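Below is one structure, written out as structure tokens; the observations come after it.
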Amino acid sequence: MSSRRQFLKTMPVAVVASLATVPAWRGAYAAAPTLDEAEPQAVKLGYKADTRKVDQARYPRHAASQTCANCQLFQEGANPATGGCVLFGDKQVAAAGWCSSWEQG
Numbered sequence: 231m232s233s234r235r236q237f238l239k240t241m242p243v244a245v246v247a248s249l250a251t252v253p254a255w256r257g258a259y260a261a262a263p264t265l266d267e268a269e270p271q272a273v274k275l276g277y278k279a280d281t282r283k284v285d286q287a288r289y290p291r292h293a294a295s296q297t298c299a300n301c302q303l304f305q306e307g308a309n310p311a312t313g314g315c316v317l318f319g320d321k322q323v324a325a326a327g328w329c330s331s332w333e334q335g
């Protein structure tokens, strides 16, 4: 009986503590480094920080209207010019960027 009572006493503290970490996590994500076009994963996927600089000969399916911001894999961040991408881990990508894995969002 005392273990149930002890559990019920500590549950609110655990919930509050876990919620307190959410703003800290979001702040850390917002401060993530920006993806460099020269990084191996970026090169492999043809990432460009500016969709207008994509090589049309190499990526004929690319359209100027395709940007990271309207890609299904893009995750908006605190800064409207950048955001996260599930393909590039903790790196921020340019909202105006593009890569060959672009999917209609």
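When you read off a place in the sequence shown, starting at 1, and then add 230, the result is the number in the working numbering.
C-beta atoms are modelled at their ideal positions from N, C-alpha and C, and glycine is treated no differently.
Everything numeric in this text was worked out from a predicted model, so none of it was measured.
{"Query": "Close beta carbons around Y289, own chain, < 8 Å, minus the five adjacent residues each side", "Result": "G276, S330"}
{"Query": "Identity of the residue in A308, R235, L265, R234 nearest G327 by Cα", "Result": "L265"}
{"Query": "Same chain, Cβ closer than 7 Å to H292, five either side skipped, listed in chain order", "Result": "V284, Q286, W328"}
{"Query": "Straight-line Cα distance separating Q305 from D320", "Result": "11 Å"}
{"Query": "Residues of its chain near Q322, where Cβ-Cβ distance is below 6 Å and the 5 sequence neighbours each way are ignored", "Result": "A262, T264, T312"}
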